[in-house]
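Asker:
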Amino acid sequence: MSPSSNASDRVAVVTGGTRGIGRAIVARLAASGYQVLACGRREPDSLPDGVAFHQADVREPEQATGLVAAAVERFGRLDLVVNNAGGGPPAPAATASPGLVTAVVRLNLLAPFFVAQAANAVMQEQPDGGLIVNIGSVSALRPAPGTAAYAAAKGGLEVLTRALALEWAPKVRVNTVTAGAVRTEDNAAHYGDEAALAAVAATVPLGRMATPDDVADAVLLLASPLAGYVTGASLVVDGGGQVPRYWDTARPEP
């Protein structure tokens, strides 16, 4: 099966699947033939055609388990889980409250762990196993000011991916899509106006911020047989990283 091949016998669960990057992943998987269950804390006004919804707060272990159980009850199997739910407000490390730090770590590290545990229990019993894809962040590789808790949680997610891939092979593959700056409504509000977004895009070698579809395409690639021997890996989707600050002054004339 190629990345664009029909996967109508496959079932996917996407956490945080009702908006932004998660919604793009849901739409891409559904368009490729997956039966998709989108999870969120609040029911959305709409979802792509044919996509089912399950309301849950995956930071709670019993609700994470319930999400997986709901998918199996509805569809009879589970082939792909995308741990996309995440995020956190910027906060200076010196003054970030214990409550904020705990909440950010629960959402970005513990919740994916809880969902992955429940998914693995199902996938290990299936003849062809399954795949778990965690949506990470380049903050794990190069933290920005104000992101200490978030960056630490995403760094932990990178290590968790490798640890689970080691323990759960050969039946279950576990990978990370490590996203760079993605232009969503939330990010637009964080960075500022169009001029600020253009300034961010100018730091990326490919000349633009990622779109949610860029991340969704990476998930679809990892879900295809083209990546059948890939596990414990981090696929970095960041347009080449960041242009060094010295580049404009230090590079040689053409």
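In terms of the working numbering, the sequence shown is numbered consecutively and its last residue is 329. By construction, the Cβ of each residue, glycine as well, lies at the ideal position given by its N, Cα and C atoms. Treat the numbers as computed from the prediction; the structure is a model and nothing was measured.
Quick one, which of Val126, Ser172, Leu142, Gly125 has its alpha-carbon nearest valine 133's?
Answerer: Position 58 of the sequence shown, counted from the start, is the residue given in the question as residue 133. Valine 133 has its Cα closest to that of Leu142, out of Val126, Ser172, Leu142, Gly125.
Asker: For leucine 184, which residues from the same chain have a beta carbon less than 6 Å from its beta carbon, with the 5 sequence-adjacent residues on both sides left out?
Answerer: Walking along the sequence shown from the start, residue 184 turns up at place 109. Result list for leucine 184: Ala228, Gly231, Leu232, in chain order.
Asker: Along the chain, where does the alpha helix (DSSP H) that runs through threonine 306 open and close?
Answerer: By 1-based counting over the sequence shown, the position of residue 306 is 231. It is not in any alpha helix (DSSP H) - threonine 306 carries neither H nor E in the DSSP assignment.
Asker: Can you tell me whether DSSP reads serine 80 as helix, strand or coil?
Answerer: In the sequence shown, counting from the first residue as 1, residue 80 sits at position 5. Note that serine 80 has pLDDT 47, beneath the 50 cutoff, so the model's placement of it is unreliable and no number is given.
Asker: Residues in the same chain with beta-carbon distance under 6 Å from asparagine 209, minus the five sequence neighbours each way, listed in chain order, please.
Answerer: Counting from one through the sequence shown, the residue named residue 209 turns up at place 134. Taken in chain order, the residues that qualify are Asn158, Pro187, Leu232, Thr236, Thr251.
Asker: Starting from the Cα of alanine 146, find the closest Cα among Pro245, Leu295, Glu269, Met198 and give me that residue.
Answerer: The residue given as residue 146 occupies position 71 in the sequence shown. Nearest of Pro245, Leu295, Glu269, Met198 to alanine 146, Cα basis: Met198.
Asker: Rounded to a whole number of angstroms, what is the C-alpha to C-alpha distance between alanine 106 and valine 126?
Answerer: Counted from its first residue, the sequence shown places residue 106 at position 31. Counted from its first residue, the sequence shown places residue 126 at position 51. Answer to the nearest angstrom: the Cα atoms are 10 Å apart.
Asker: Determine the DSSP secondary structure at valine 86, reduced to helix, strand or coil.
Answerer: On the sequence shown, residue 86 is found 11 positions in, with the first residue counted as 1. Valine 86 falls in the strand class under three-state DSSP.
Asker: By DSSP's criteria, leucine 112 is part of a beta bridge. Which residues make up the other side?
Answerer: What you label residue 112 is simply residue 37 of the sequence shown in a count that begins at 1. DSSP lists Val88, Ala127 as partners of leucine 112.
Asker: By DSSP's criteria, alanine 254 is part of a beta bridge. Which residues make up the other side?
Answerer: On the sequence shown, position 179 is the one that residue 254 refers to. Bridge partners of alanine 254: Ser212, Val312.
Asker: Comparing C-alpha positions only, which one of Gly307, Ala270, Val86 sits nearest to alanine 244?
Answerer: One-based indexing of the sequence shown puts residue 244 at position 169. Closest option to alanine 244, Cα to Cα, is Gly307.
Asker: Going by DSSP in three states, valine 176 sits in which element: helix, strand or coil?
Answerer: Taking the first residue of the sequence shown as 1, we reach residue 176 at position 101. The answer is helix: DSSP assigns valine 176 an H, G or I state.
Asker: Going by DSSP, name the residue or residues bridged to leucine 205.
Answerer: On the sequence shown, position 130 is the one that residue 205 refers to. As written in the sequence, residue 205 is glycine, which differs from the leucine given in the question. For glycine 205, which the question treats as bridged, DSSP gives the partners Val247.
Asker: Determine the direct distance from the alpha carbon of alanine 168 to that of arginine 181, and round the result to whole angstroms.
Answerer: Residue mapping note: residue 181 aligns to position 106 of the sequence shown, counting from 1. Residue mapping note: residue 168 aligns to position 93 of the sequence shown, counting from 1. Their backbone Cα atoms lie some 17 Å apart in a straight line.
Asker: Exposed or buried, what is serine 80 when buried is set at 16 or more other beta-carbons lying within 10 Å of its beta-carbon?
Answerer: The residue you call residue 80 lines up with position 5 of the sequence shown. Any reading at serine 80 must be qualified, since the residue scores a pLDDT of 47, below 50, and its modelled position is unreliable; the value itself is stated next. Counting Cβ neighbours within 10 Å, serine 80 comes out exposed, since fewer than 16 surround it.
Asker: Do valine 275 and aspartate 313 have their beta-carbon atoms positioned less than 9 Å apart in this structure?
Answerer: The residue labelled residue 313 in the question sits at position 238 within the sequence shown. The residue labelled residue 275 in the question sits at position 200 within the sequence shown. For aspartate 313 and valine 275, no; Cβs fall outside 9 Å.
Asker: Whole angstroms is fine: what's the gap from cysteine 114's alpha carbon to valine 179's?
Answerer: Here residue 114 is taken as the residue at index 39 of the sequence shown, counted from 1. Here residue 179 is taken as the residue at index 104 of the sequence shown, counted from 1. Their backbone Cα atoms lie some 19 Å apart in a straight line.
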